[in-house]
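A.B. asks:
Protein chains: 2
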Amino acid sequence: MKEYTVAIVGATGLVGKEVLNILQDRKFPVKRMIPLATEESVGTIVEFGEEPLIVQRIEEDVFEAVDFAVFAATIEASEEFAPAAVRAGAIVVDNSAHFRMKSDVPLVIPEINGQQVWEHKGIIANPNCSTIQLLMALYPLDRAFGVEKVVVSTYQSVSGTGKHALQELAEQSISLLSMKEPKCEVYPKRIGFNLLPHIGDFDQNGYSEEERKLRLETRKIMNRDDIRISPTCVRVPVFNCHSQSLNITLKSSATRKQVHDALSEFPGVEVWDALSLDGERKEHDEESELYPVPSECTDRDEVFVGRIRLDDTASSGVCFWSVMDNLRKGAALNAVQILELLT
Amino acid sequence: MKEYTVAIVGATGLVGKEVLNILQDRKFPVKRMIPLATEESVGTIVEFGEEPLIVQRIEEDVFEAVDFAVFAATIEASEEFAPAAVRAGAIVVDNSAHFRMKSDVPLVIPEINGQQVWEHKGIIANPNCSTIQLLMALYPLDRAFGVEKVVVSTYQSVSGTGKHALQELAEQSISLLSMKEPKCEVYPKRIGFNLLPHIGDFDQNGYSEEERKLRLETRKIMNRDDIRISPTCVRVPVFNCHSQSLNITLKSSATRKQVHDALSEFPGVEVWDALSLDGERKEHDEESELYPVPSECTDRDEVFVGRIRLDDTASSGVCFWSVMDNLRKGAALNAVQILELLT
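Chains as they are written, first to last, in my numbering: chain A, 41 to 383; chain B, 41 to 383.
See the structure below:
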């Protein structure tokens with residue numbers, strides 16, 4: 041079996057570490073692993089399986105023998121170094137927003153448009169976490185019933201922002217529980233026991249960057265300009281796992297069971313809903329608590345869907361709730377799945 | 041000026057205490073204040089202004105000279121004792137769900153259907169907190185542009201559940217930050233750093249009790265069976281203040297400014313939005329942070345609205361975000377406003 045030299049840019053970050061774990065867990069054929077970082081983390085140790093590796097400084101000439109480079113650092117790092125990696129002959133899977141909307145860069149969710157990896161010109165972009173979560177549930181419904189419109193409200197964890205945000209949520213929580221004034225460094229307002237309907241800059245229409253990403257990336261991945269998405273993105277005081285509340289207008293009507301089945305048959309989606317218990321109805325209490333929550337979906341690979349309800353205010357509408365580990369399928373796992381397609 | 045004898049049932053609860061504070065703050069003409077509670081809290085002291093009062097046991101004959109009785113305890117307490125209060129000649133304002141949907145009980149938000157207090161037969165019901173928050177924003181838009189449909193996702197604080205829930209959120213947060221297993225007593229799953237899309241029992245269609253309340257109470261208060269509401273209700277790890285993400289389909293289209301103005305002109309609504317700064321544009325950073333969050337709306341009387349955006353996926357749609365202190369306008373303040381209408 042062919043083995044590959046893989047570089048991870050941002051190897052000490054939350055996503056970078058998760059990429060290392062997942063490559064190991066899924067036995068990706070690695071010949072040599074090169075963890076890279078900018079200034080701050082150079083010289084620190086990361087683990088790849090049992091093996092401790094010293095993080096090296098990212099520089100233009102470091103990609104010489106690299107087959108695959110996963111970028112999981114800043115947008116600036118991708119902008120500066122991804123072209124150098126491509127020139128050196130590596131295929132780049134980039135988790136930043138920098139290349140996502142460029143017309144010659146495929147934007148790929150393997151379960152949905154995996155075949156597009158072969159259209160790459162050196163760079164393949166990993167979609168935004170919220171887009172991946174939305175489309176993993178939307179795509180099977182679009183295939184089965186046609187999707188006209190989606191109203192989505194997000195409940196996004198702080199791990200999507202990075203390590204400093206985990207620390208800020210923990211420290212602010214401790215301060216507030218001790219009746220002390222919390223310090224705000226990562227977010228514009230306090231996130232501890234609070235909500236921030238503000239993820240990225242607002243445009244002149246009042247939409248945030250995260251909301252714009254959801255729309256634009258969806259159109260590109262689904263290759264449909266007519267899909268109508270109305271998003272509201274909100275940061276919540278949860279360490280890990282994003283959640284979404286969805287109201288979807290379908291082209292043709294469907295029963296709850298049909299929606300349940302279309303979702304649960306799709307690879308990478310798992311349905312946790314009272315409907316899943318058909319045929320072996322459990323006690324009321326057990327049954328009513330079958331829905332996904334962040335605390336139960338962390339470190340899991342799937343997008344979990346529950347609370348499936350018909351929207352009886354629409355001729356063919358459906359509502360549901362989804363939860364996804366944003367560091368895994370929302371970032372690191374999706375990137376590794378792209379690598380797997382390329383091998 | 042006439043002065044009244046007022047009884048507060050559940051005077052030691054979060055809502056009861058807030059009723060005491062608000063009656064004092066708004067200088068409600070109280071001749072005598074009678075704090076009542078069931079077993080557990082009898083004999084404890086509550087404060088009405090500077091005055092310490094001993095909490096008395098609720099019994100059928102305690103309402104003899106009472107003009108107004110505010111019930112802010114359990115649904116069982118309302119069921120058992122509200123009829124006795126009415127028989128004794130008191131007018132009851134009930135914060136529980138028990139009487140809300142009864143046809144001979146007015147369900148009142150003073151700014152919206154205040155005149156209906158005069159239709160009471162002894163009992164006036166206070167709507168559910170989420171209904172009040174929704175309708176305070178919906179009603180002015182319905183008057184100005186007509187509302188066809190609302191998709192609403194809630195982000196509800198734990199104070200709506202009561203004192204024990206505040207404690208559970210604090211204790212679970214401390215446990216989790218100390219790497220200990222959190223104890224779950226109030227909610228079916230952990231709420232600390234987690235989300236629960238589960239507020240009240242689920243019906244056979246998959247909707248929760250809180251979601252059903254939003255629909256049924258809205259129809260009664262707006263006196264419109266044709267208003268279409270698609271709700272998803274979620275408990276979030278926030279101590280106080282409920283938030284809502286709304287997507288509204290209007291009958292006639294409106295500009296962002298028209299929506300802003302219709303909302304900000306309505307009594308009890310305050311708009312915090314970049315649009316509010318028109319004419320005196322502030323620095324970009326300041327401006328972009330003008331939106332309501334729970335930490336800034338607690339102890340405030342208004343329903344705060346921000347993030348106003350046109351939904352360009354609909355011919356006449358609008359999205360926004362609202363935050364409300366659920367103990368004040370969502371419960372205690374609304375009840376006191378009803379009392380004020382009756383004096």
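Ideal Cβ placement from N, Cα and C applies to all residues, glycine included.
Check for me: the alpha helix (DSSP H) holding Ser-118 of chain A runs from which residue to which?
C.D. replies: 115 to 127
A.B. asks: Find the nearest neighbour of Glu-79 of chain B within the set B:Val-106, B:Lys-42 and B:Gly-50, judged by alpha-carbon distance.
C.D. replies: B:Gly-50
A.B. asks: I want to verify the contact list: residues of chain A whose CB lies under 7 Å from the CB of Cys-359 of chain B, in sequence order.
C.D. replies: Residues of chain A passing the Cβ test: Ser-270 and Thr-272.
A.B. asks: Is any beta-carbon of chain B found at less than 7 Å from that of Lys-189 of chain A?
C.D. replies: yes
A.B. asks: What residues of chain A sit near Val-311 of chain B, judged by a beta carbon separation below 8 Å?
C.D. replies: Within 8 Å Cβ-Cβ: nothing; Val-311 of chain B doesn't reach chain A, min ~12 Å.
A.B. asks: Residues in the same chain with beta-carbon distance under 8 Å from Lys-291 of chain B, minus the five sequence neighbours each way, listed in chain order, please.
C.D. replies: Cβ neighbours of Lys-291 of chain B beyond the five flanking positions: Phe-185, Gly-186, Val-187, Glu-188 and Ser-356.
A.B. asks: Please list the terminal residues of the continuous alpha helix (DSSP H) segment that includes Met-176 of chain B.
C.D. replies: Taken as a continuous stretch (DSSP letters only), the alpha helix (DSSP H) holding Met-176 of chain B covers 169 to 185.
A.B. asks: Which one of B:Ser-285, B:Arg-259 and B:Lys-253 has the shortest CA to CA distance from Asn-153 of chain B?
C.D. replies: Taking only the C-alpha atoms, the option nearest Asn-153 of chain B is B:Arg-259.
A.B. asks: If you count every other CB in all the chains shown that lies within 10 Å of the CB of Thr-338 of chain A, and 16 or more means buried, which is it?
C.D. replies: buried
A.B. asks: Run through the DSSP bridge pairs and tell me what Trp-361 of chain B is partnered with.
C.D. replies: B:Ser-285 and B:Gly-346
A.B. asks: In whole angstroms, give me the CA-to-CA distance for Asn-317 of chain B and Glu-329 of chain B.
C.D. replies: Looking at the sequence provided, one finds Leu at residue 317 of chain B rather than Asn. Approximately 12 Å, taken between the alpha carbons.
A.B. asks: Looking only at its chain, what residues have a beta carbon closer than 7 Å to the beta carbon of Val-115 of chain B, apart from the 5 residues adjacent to it on each side?
C.D. replies: The residue asked about is misnamed: residue 115 of chain B is Ile in this sequence, not Val. Ser-136, Ala-137 and His-138.
A.B. asks: Kindly list the residues whose CB is nearer than 6 Å to the CB of Gln-96 of chain B, restricted to its own chain and excluding five residues on each side of it in sequence; keep chain order.
C.D. replies: Leu-76
A.B. asks: For Phe-88 of chain B, which three-state DSSP category applies?
C.D. replies: strand
A.B. asks: Using a 10 Å radius around the Cβ and a threshold of 16 neighbouring Cβ atoms, would you call Glu-208 of chain B buried or exposed?
C.D. replies: buried
A.B. asks: Under 7 Å, Cβ to Cβ, is there at least one residue of chain B near Thr-84 of chain A?
C.D. replies: no
A.B. asks: Using 8 Å as the cut-off, can you tell me whether the segment 261 to 274 of chain B makes contact with the segment 224 to 239 of chain B, which would need three or more C-beta pairs spanning the two stretches below that distance?
C.D. replies: yes
A.B. asks: Keeping to the same chain, check which residues put their C-beta closer than 8 Å to that of Glu-91 of chain B; ignore five residues upstream and five downstream.
C.D. replies: The answer, listed in chain order, is Met-73.
A.B. asks: Please list, in chain order, the residues of the segment 221 to 232 of chain B that have any C-beta partner in chain A closer than 8 Å.
C.D. replies: Pro-228, Lys-229 and Arg-230
A.B. asks: So Ile-149 of chain A is in the beta strand (DSSP E); what residue range does that whole segment cover?
C.D. replies: Ile-149 of chain A -> no beta strand (DSSP E), and no H or E assigned at all.
A.B. asks: I believe Gly-246 of chain B touches Ala-177 of chain A by the beta-carbon criterion, under 8 Å. Please report the beta-carbon distance rounded to the nearest angstrom.
C.D. replies: Incorrect: roughly 16 Å between the Cβ atoms, too far for contact.
A.B. asks: Hey, is Phe-242 of chain A's beta-carbon within less than 7 Å of any beta-carbon in chain B?
C.D. replies: yes
A.B. asks: With Arg-134 of chain B and Ala-122 of chain B assumed to form a contact (beta carbons below 8 Å), what rounded beta-carbon distance in angstroms separates them?
C.D. replies: Note that residue 134 of chain B is Asp in the sequence shown here, rather than Arg. Right, their Cβ atoms sit about 6 Å apart.
A.B. asks: Can you give the Cα-Cα distance for Ile-94 of chain B and Phe-68 of chain B, rounded to whole angstroms?
C.D. replies: 20 Å
A.B. asks: Quick check on the burial criterion: 16 or more other C-beta atoms within 10 angstroms. Buried or exposed for Met-364 of chain B?
C.D. replies: buried
A.B. asks: Would Thr-52 of chain A be called buried (16 or more neighbouring beta carbons within 10 Å of its own) or exposed?
C.D. replies: buried
A.B. asks: Tell me, please, whether the segment 160 to 174 of chain B touches the segment 373 to 381 of chain B by the rule of three or more beta-carbon pairs shorter than 8 Å.
C.D. replies: yes
A.B. asks: Whose C-beta lies closer than 7 Å to the C-beta of Val-343 of chain A among residues of the same chain, with five residues either side of it excluded?
C.D. replies: Excluding residues within five positions, the ones whose Cβ falls inside 7 Å are Gln-173, Met-176, Ala-177, Gly-308, Val-309, Ser-362, Met-364 and Lys-369.
A.B. asks: Could you check where the beta strand (DSSP E) with Ile-239 of chain A kicks off and where it finishes?
C.D. replies: Run containing Ile-239 of chain A: none; DSSP gives neither H nor E here.
A.B. asks: So, for Gly-56 of chain A: in the same chain, excluding its five sequence neighbours on each side, which residues have a beta-carbon less than 6 Å away from its beta-carbon?
C.D. replies: Scanning its chain for C-beta atoms nearer than 6 Å, with the 5 sequence neighbours on each side dropped, one finds around Gly-56 of chain A the residues Ile-48, Gly-50 and Ala-112, in chain order.
A.B. asks: In chain order, what residues of the same chain have a beta carbon less than 7 Å from the beta carbon of His-324 of chain B, not counting five sequence neighbours either side?
C.D. replies: Bear in mind that a pLDDT of 46 at His-324 of chain B, under 50, signals an unreliable position, so the number given afterwards is only what the model happens to contain. For His-324 of chain B, where only same-chain residues beyond five positions count, there are no Cβ hits under 7 Å.
A.B. asks: Tell me whether Pro-277 of chain B sits in a helix, a strand or coil according to DSSP, three-state version.
C.D. replies: coil
A.B. asks: Using CA atoms only, rank isn't needed, just tell me which of B:Glu-151, B:Arg-349 and B:Ser-143 is closest to Arg-183 of chain B.
C.D. replies: B:Glu-151
A.B. asks: Cβ closer than 7 Å: which chain D residues qualify as neighbours of Pro-237 of chain B?
C.D. replies: Of the chains in the structure shown, none is chain D; the protein chains are A and B.
A.B. asks: Mind checking whether Glu-257 of chain A and Thr-171 of chain A have CB atoms under 7 Å apart?
C.D. replies: yes
A.B. asks: Out of B:Phe-88, B:Gly-129, B:Thr-84 and B:Val-82, which has the shortest C-alpha to C-alpha gap to Ala-105 of chain B?
C.D. replies: B:Gly-129
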